[in-house]
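Report on the structure given below.
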Ligand SMILES: [Zn+2]
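Here it is as structure tokens:
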């Protein structure tokens with residue numbers, strides 16, 4: 015398995031910390047509104063990565079948090095005259111509904127910031143005690159000068175960063191790059207600490223949750239590429255300070271979703287909220303669409319592109335469905351795969367999740383299946399192997415099909431349909447066809 019590591023800007027062979035196990039963490043959503051389609055891309059990308067690792071025989075401990083403390087949450091709750099917790103509970107439920115629709119597997123742990131507060135405060139105290147952070151009037155800042163390679167995760171030059179940071183310089187800070195660990199506040203939800211009544215900074219929350227659920231150093235830390243700086247750089251700086259680690263051996267970042275100039279008004283109500291798209295597009299199609307582009311590339315979303323993804327996906331799904339019916343009608347079953355195709359699929363996926371190449375393998379499998387379906391003397395064992403391989407490949411992409419089983423009545427109906435068609439009794443054939451459609455067989 016090769017992974018492009020943002021930390022080294024290189025493709026690297028994946029070596030787990032513990033043999034056979036993958037510890038991964040992906041920054042979760044700040045739960046103040048409904049998930050945007052851009053928020054669900056990392057959900058699909060990293061769920062697929064997890065499925066791939068599992069297919070390769072790894073046990074995966076995948077953690078993702080909910081940032082349920084934030085100024086945006088406080089402001090939104092205030093506007094809606096509800097408590098912060100009422101708002102975050104509602105948004106976490108909505109987010110999970112979207113995850114569920116997208117067939118993202120359940121996570122090992124899903125910590126909330128509010129439930130990790132004692133550990134967060136303790137962590138900040140420790141940073142202050144060891145000289146990596148300082149308090150000014152109840153606020154606490156991280157001393158970036160104390161980390162010699164600060165900026166290395168995001169491959170940025172310290173001097174350039176300083177120039178950028180000076181624009182919004184806070185006079186309380188020793189250096190413009192220092193970031194807030196604890197913010198004294200008198201508005202909205204707050205916690206008592208030895209510094210002041212206030213709230214923690216976002217960058218600290220993730221480090222503490224990673225430490226609590228997975229340890230000082232994990233295998234993979236993921237997120238959208240917009241998190242690389244400052245969020246991930248600052249997460250790493252804190253881990254470097256207290257744990258003397260890089261926090262993660264591999265840092266993976268997914269590309270952004272570009273919606274600029276896209277007119278979604280016709281079918282999607284001019285919106286990019288994930289649940290609205292999912293109300294109109296089969297979630298399997300959305301997943302297929304999101305994985306069609308390599309995870310590191312930016313992705314353009316448009317109605318036309320979704321439609322063409324749907325067309326491509328339907329070709330695959332129809333071929334699979336036809337094959338499963340043929341196999342069921344002939345009582346052919348078994349687990350055997352077409353080893354050659356499966357190997358090619360896994361090779362593509364193991365090359366930094368090269369989904370475009372993996373899709374090419376899927377199209378080849380479908381081509382072979384369609385050829386088989388067209389032959390008079392159908393080679394059932396080969397069709398079965400291809401169908402099994404396609405099912406397995408799709409399930410690694412998170413697109414799953416329930417097993418197809420036919421009752422005696424279904425079989426009778428299907429055979430009648432074929433017979434009436436052959437006898438050119440189209441009225442009766444149509445009747446059978448409609449019943450088969452109702453039963454989800456056609
Ligand atoms: Zn984070």
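Residue numbers (the working numbering): 15 to 456.
Virtual Cβ for every residue (Gly too), placed ideally from N, Cα, C.
Relative to ligand 1, is the shortest distance from any of its heavy atoms to the C-beta of residue i smaller than 8 Å?
i	result
residue 225	no
residue 79	yes
residue 68	no
residue 95	no
residue 238	no
residue 249	yes
residue 446	no
residue 267	no
residue 217	yes
residue 228	no
residue 241	yes
residue 335	no
residue 246	yes
residue 41	yes
residue 208	no
Would you kindly report the start and end of the unbroken alpha helix (DSSP H) that includes residue i?
i	result
residue 366	Run containing residue 366: none; DSSP gives neither H nor E here.
residue 423	422–436
residue 442	440–452
residue 309	Per DSSP, residue 309 belongs to no alpha helix (DSSP H) and is neither H nor E.
residue 349	Segment: none, residue 349 is in no alpha helix (DSSP H) and carries neither H nor E.
residue 140	131–143
residue 58	51–69
residue 93	85–93
Span of the beta strand (DSSP E) holding residue i?
i	result
residue 267	262–268
residue 154	153–156
residue 17	16–19
residue 147	147–150
residue 237	232–238
residue 212	211–214
residue 73	73–78
residue 198	194–198
residue 254	Here residue 254 belongs to no beta strand (DSSP E); instead the alpha helix (DSSP H) covers 247–257.
residue 24	24–27
residue 35	35–40
For residue i, which of the options has the nearest alpha-carbon?
i	options	result
residue 376	394, 365 and 410	410
residue 43	304, 140, 74 and 83	83
residue 353	366, 308 and 379	379
residue 69	443, 430, 407 and 441	407
residue 339	362, 427 and 286	427
residue 174	167, 161, 191 and 187	191
residue 233	34, 268 and 305	34
residue 78	159, 156 and 123	123
residue 214	134, 189, 159 and 293	134
residue 448	321, 430, 438 and 144	430
residue 120	93, 336, 194 and 64	64
residue 16	405, 392 and 360	360
residue 292	45, 41, 348 and 54	54
residue 127	147, 203 and 156	203
residue 423	436, 434 and 446	446
Am I right that residue i and residue j are in contact with their C-beta atoms under 8 Å? What's the rounded C-beta distance?
i	j	result
residue 48	residue 287	5 Å
residue 261	residue 221	7 Å
residue 18	residue 366	5 Å
residue 217	residue 263	Not a contact, Cβ separation roughly 20 Å.
residue 296	residue 270	About 24 Å; that fails the 8 Å criterion.
What do you reckon, is the C-beta of residue i under 8 Å from a heavy atom of ligand 3?
i	result
residue 444	Of the ligands this structure carries, namely ligand 1, none is ligand 3.
*Count the CB pairs spanning the segment 386–396 and the segment 413–432 that are closer than 8 Å, and state whether there are at least three.*
Contact annotation: the segment 386–396 does not touch the segment 413–432, with fewer than three C-beta pairs closer than 8 Å.
_Cβ contact (3+ pairs, closer than 8 Å) linking the segment 198–210 and the segment 135–153_ = Judged by Cβ distances under 8 Å, the segment 198–210 makes contact with the segment 135–153, as three or more pairs qualify.
_Quick check: the segment 291–310 against the segment 53–70, are at least 3 beta-carbon pairs closer than 8 Å?_
yes
*Counting pairs of beta carbons, one from the segment 194–209 and one from the segment 222–241, are three or more of them closer than 8 Å?*
no
*Would you call the segment 160–177 and the segment 241–255 touching, i.e. three or more CB-CB distances under 8 Å?*
Yes, the segment 160–177 is in contact with the segment 241–255.
*Counting Cβ pairs closer than 8 Å, one from the segment 292–302 and one from the segment 315–326, do we hit at least three?*
yes
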